[in-house]
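Here you go:
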């Protein structure tokens, strides 16, 4: 929990029984408002979690403001933390044992009716979510994803820093170079008829760093490729980019394996086994792919002896060639 951050003393998800009888100030979005017989309950939400705020008529000005509050209003509340009455605790919330008795309520920003509820169990179409992305990102599910991504990125940086790698930013506006896809081009204002290209990867720049003596480089790099969307392709993506000099491939593979396994262990609490290794030649011979899916137990079988005498030369030619090969997949029960 971060305290003393200007307008607030605590995040909404940070108050607990250790704060009972303390005065705190919270800022956040009203997740839900309930009026129970003259006492108003506000569920106040920020990126860290949610707290229940109680406003009663003993503070007339604050009570009048609380009556005007609706979902997604942004408010500031100062009050005293107290234990919830017996039987009203909420064990599903980290702050469910306490509540804030609001003394001063200030509306920082009013809000129109949200385009969709922010409850996690509500299914909202992707087109609506993207149109109102600023609302979508308030959902706890999305906040947790951003927090997880931040943890992963921070872990990778710390891991590589500890092994002597230097984080270097490389240019985004560069010149077009022949790579695996089309470039995104940006017209130059000062050089009419000329274009910058967005990088498909930092390849040239990291090679420049190597010959400059920066022998261990990394970057959480933004890359751009003008190609059609596929399951493993998108126009803009982020990659962990690593380059090193005076290092052999075995050491580099060990570095990457150690990084991934320790990341899963420390961030996800998942213990991964040692990574199996397979030479490229073996992968191509057994599976016909440099990235075989080992969950599928199908391997290529040589059938040279079955097709070397057939009339179809596409098969017979390679089968008779000492360096040629004809292979097939044997699918058990495939008929």
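Numbering (my numbering), first residue to last: 77 to 411. Note that the Cβ used here is the ideal one computed from N, Cα and C, for glycine as well.
Along the chain, where does the alpha helix (DSSP H) that runs through residue 283 open and close?
For this step, residue 283 is matched to residue 207 along the chain shown. 279-287 is the extent of the alpha helix (DSSP H) around residue 283.
Alpha helix (DSSP H) containing residue 101: first to last residue?
Position 25 of the chain shown, counted from the first residue, corresponds to residue 101. Following the DSSP letters along the chain, one finds residue 101 in no alpha helix (DSSP H) but inside the beta strand (DSSP E) bounded by residues 99-112.
Inspect the CB distances between the stretch 316-326 and the stretch 277-294 and report whether three or more fall short of 8 Å.
yes
C-alpha gap between residue 400 and residue 325, whole angstroms:
By one-based count along the chain shown, residue 400 stands at place 324. By one-based count along the chain shown, residue 325 stands at place 249. So the two alpha carbons sit approximately 30 Å from each other.
Spell out the partners DSSP gives residue 263 in its beta bridges.
Counting from 1 along the chain shown, the entry for residue 263 is found at position 187. Answer by DSSP bridge pairing, in chain order: 271.
Any idea what DSSP makes of residue 179, helix, strand or coil?
Counting from one through the chain shown, the residue named residue 179 turns up at place 103. Correct three-state label for residue 179: strand.
Please state the DSSP three-state secondary structure of residue 77.
As a working note, residue 77 is residue 1 in the chain shown. Bear in mind that the predicted position of residue 77 carries a pLDDT of just 48, short of 50, making it too unreliable to give a figure here.
Which residues share a DSSP beta bridge with residue 242?
Here residue 242 refers to the residue found at position 166 of the chain shown. 293.
Less than 8 Å between C-beta atoms, sequence neighbours within five positions excluded: which residues of the same chain meet that for residue 93?
The residue you call residue 93 lines up with position 17 of the chain shown. Within the same chain, Cβ atoms closer than 8 Å to the Cβ of residue 93 are found at 159, 173 and 174, the five residues on either side in sequence being excluded.
Can residue 300 and residue 339 be called in contact, C-beta distance under 9 Å?
Taking the chain shown and counting its residues from 1, the one referred to as residue 300 is at position 224. Taking the chain shown and counting its residues from 1, the one referred to as residue 339 is at position 263. The answer is no: Cβ separation not under 9 Å.
How would you label residue 126, buried or exposed, when you count the other beta carbons within 10 angstroms and need 16 or more for buried?
For the purposes of this step, residue 126 is identified with residue 50 of the chain shown, where counting begins at 1. Classification of residue 126: buried, given that the 10 Å Cβ count is 16 or more.
Output the distance between the C-alpha atoms of residue 389 and residue 256, rounded to the nearest integer angstrom.
For the purposes of this step, residue 389 is identified with residue 313 of the chain shown, where counting begins at 1. For the purposes of this step, residue 256 is identified with residue 180 of the chain shown, where counting begins at 1. Taking the straight line from one Cα to the other gives about 33 Å.
DSSP has residue 250 in a bridge; who is on the other side?
Stepping through the chain shown from its first residue, residue 250 is reached at position 174. According to DSSP, which records beta bridges pairwise, residue 250 is partnered with 273.
Count the other C-beta atoms from every protein chain shown that fall within 10 angstroms of the C-beta of residue 351, then say buried if there are 16 or more, exposed otherwise.
If you number the chain shown from 1, residue 351 lands on position 275. Flag for residue 351 reads exposed.
Secondary structure at residue 204, three-state DSSP: helix, strand or coil?
Within the chain shown, the letter at position 128 stands for residue 204. Residue 204: helix per DSSP, three-state reduction.
Neighbour-count burial assignment, residue 144, 16 or more Cβ in a 10 Å radius:
Position 68 of the chain shown holds residue 144. Classification for residue 144: exposed.
Is any non-hydrogen atom of the ligand NAD found closer than 8 Å to the C-beta of residue 311, if you look at the structure I gave you?
For the structure depicted, the ligand NAD is absent and the ligand set is empty, with no information on it obtainable.
Identify which residue in 117, 197, 140 and 123 has its Cα closest to the Cα of residue 164.
As a first step, residue 164 must be located in the chain shown, where it is residue number 88. The shortest C-alpha separation from residue 164 is found at 117.
Ignore the nearest five residues each way along the sequence and tell me which others in residue 185's own chain have a CB closer than 8 Å to its CB.
As a working note, residue 185 is residue 109 in the chain shown. Counting only Cβ-Cβ distances below 8 Å, and skipping sequence neighbours, we find 149 and 150.
Considering Cα atoms alone, identify which of 220, 177, 176 and 206 is closest to residue 196.
The residue labelled residue 196 in the question sits at position 120 within the chain shown. The shortest C-alpha separation from residue 196 is found at 220.
Rounded to whole angstroms, how far is the Cβ of residue 380 from the Cβ of residue 402, which I believe are closer than 8 Å?
What you label residue 380 is simply residue 304 of the chain shown in a count that begins at 1. What you label residue 402 is simply residue 326 of the chain shown in a count that begins at 1. Contact holds; Cβ gap of about 5 Å.
DSSP beta-bridge partners of residue 318
Position 242 of the chain shown holds residue 318. Answer by DSSP bridge pairing, in chain order: 294.
Chain-order list of residues whose beta-carbon lies under 8 Å from that of residue 314 (same chain, five-residue window excluded)
Position 238 of the chain shown holds residue 314. Excluding positions up to five away in sequence, the list reads 296, 297, 298 and 299.
Taking only the alpha-carbon atoms, compute the straight-line gap between residue 441 and residue 213 and give it to the nearest angstrom.
Residue 441 falls outside the range modelled here, since the chain spans only 77 to 411, and no answer is possible.
Selection from 290, 269, 247 and 260 that minimises the alpha carbon distance to residue 278:
The count along the chain shown starts at 1 and reaches residue 278 at position 202. Ranking the options by Cα distance to residue 278, first place goes to 247.
Nearest to residue 327 by alpha carbon, out of 112, 239, 288 and 120?
If you number the chain shown from 1, residue 327 lands on position 251. Measuring from the Cα of residue 327, the nearest candidate turns out to be 239.
Label residue 87 either buried or exposed according to how many other C-beta atoms from any shown protein chain fall within 10 Å of its C-beta, with 16 as the threshold for buried.
Counting from one through the chain shown, the residue named residue 87 turns up at place 11. It counts as buried.
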